[in-house]
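A.B. asks: Residue numbers for the sequence shown follow the working numbering, beginning at 37 and rising by one. All C-beta atoms, glycine included, are put in the ideal place defined by N, C-alpha and C. Predicted, not measured: the structure shown is a model, and the values here were computed from it. Below is the structure I would like to discuss, written out as structure tokens.
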Amino acid sequence: MQTQAATAPSSWKSYLELCKPNVVAEMLFTAIVGMLLAVPGMPPLDKVVYGTIGIALAASSAAAINHLIDQRIDGILNPHRPLPSHYLRSSEVIVFAAVLGITSMLLLVIEVNTLTAVLTFVSLFGYAIIYTLWLKRATPQNIVIGGAFGATPPLLGWCAITGEVHPYALLLVLIIFVWTPPHFWPLAIAKQEKYALVNIPMLPVTHGAEFTRLQILLYAVLLLVVTLLPYLTGMSGLIYLGSALLLGVGFIYFAVLMMRNKDVKTAMRTFWYSIVYITLLFAALLIDHYVRLTL
């Protein structure tokens with residue numbers, strides 16, 4: 037059966053799965069918000085379109101490389117992915133990732149600007165190689181350190197429009213950077229035994245689930261503080277402030293709930309809330325940008 041699957045023709049669904057479309061979609065949303073926040077009115081449509089496509093292709097390339105490097109781990113953690121299930125061969129994934137990555141860089145350099153292309157390449161290389169190949173297997177702080185590479189989409193979007201690194205764009209990066217650990221660690225707790233089985237030193241594996249729950253709570257509190265910065269610096273107004281406070285308190289609530297309830301269900305509820313959280317937070321940034329309320 038395995039040999040037959042290995043020789044089966046590759047479907048577009050397998051290639052789409054390589055791109056991790058749900059993850060890329062969330063990244064693109066924050067990148068587009070970065071584009072829209074970069075200027076008072078509407079940004080140039082061509083920059084938005086080419087920038088979005090370029091960033092999407094780069095993120096998809098990085099995701100495909102992640103599949104390639106993690107195929108042994110996925111054989112246990114995610115056996116239905118294209119490589120462990122033998123729907124695609126490693127050589128096909130390499131070519132696919134290379135084509136996406138090269139196309140992304142050419143598009144960004146030619147149609148957007150060189151700075152965006154360089155920063156996008158650094159993010160691609162950082163996630164696909166530094167995080168996946170090294171950090172993920174080297175330290176329980178892998179998510180914390182590697183989160184820097186995954187936090188760049190708003191900066192990439194901002195740079196695509198203005199061609200510069202603005203302090204406000206870096207604030208958006210900081211928010212996602214601080215959000216990443218309490219977003220991922222609940223999932224790591226839910227999959228603690230599987231990570232231990234494949235010798236990946238996620239924080240719950242090396243320090244225990246109880247310690248990780250405490251870290252999630254501390255990061256949730258820190259995140260609430262950090263998300264106040266756009267308002268305190270004058271970047272955003274009252275709509276964003278109210279949203280940040282409500283969403284932040286909600287995150288802390290789920291973190292406290294995890295301290296009380298040790299089950300997988302609560303951990304996964306927290307994980308899913310974190311995705312809703314970051315989506316609504318950036319939506320609030322966008323709404324506030326165009327409908328500013330001040331005292």
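(1) Taking the alpha helix (DSSP H) that Val-154 belongs to, which residues open and close that run?
(2) Hey, Met-63 and Pro-218 are a contact pair by Cβ (cut 8 Å); roughly how many whole angstroms apart?
(3) Quick one, which of Leu-331, Leu-329 and Ala-320 has its alpha-carbon nearest Leu-73's?
(4) Give a yes or no on whether the C-beta atoms belonging to Ala-226 and Val-300 are separated by under 8 Å.
(5) With a threshold of 6 Å on Cβ separation, who are the neighbours of Arg-231 within its own chain once the five nearest residues in sequence on each side are excluded?
(6) Could you pull out every residue in the same chain whose Cβ sits closer than 7 Å to the Cβ of Val-129, ignoring the five residues on either side in sequence?
(7) Over the uninterrupted alpha helix (DSSP H) stretch that includes Met-78, give me the two end residues.
(8) So, does the region 288-295 touch the region 263-271, judging by three or more C-beta pairs under 8 Å?
(9) From Tyr-204 to Ser-121, what does the alpha carbon distance come to, in whole angstroms?
(10) With a threshold of 8 Å between beta-carbons, can Met-141 be considered close to chain D, or not?
(11) Rounded C-beta distance between Leu-192 and Thr-150? I'm assuming under 8 Å.
(12) Less than 7 Å between C-beta atoms, sequence neighbours within five positions excluded: which residues of the same chain meet that for Phe-157?
C.D. replies: Taking the coordinates as given:
(1) 150-161
(2) Not confirmed; about 18 Å, so no contact.
(3) Ala-320
(4) yes
(5) Per the sequence shown, residue 231 should be read as Tyr rather than Arg. If we look at Tyr-231 and ignore the five residues flanking it on each side, its Cβ neighbours are Met-238 and Val-241.
(6) Leu-54, Ala-100, His-103, Leu-104 and Leu-119
(7) Segment: none, Met-78 is in no alpha helix (DSSP H) and carries neither H nor E.
(8) no
(9) 44 Å
(10) In the structure shown, chain D cannot be found, because there is only a single protein chain.
(11) Wrong, their Cβ atoms sit about 13 Å apart, outside the cutoff.
(12) Met-141
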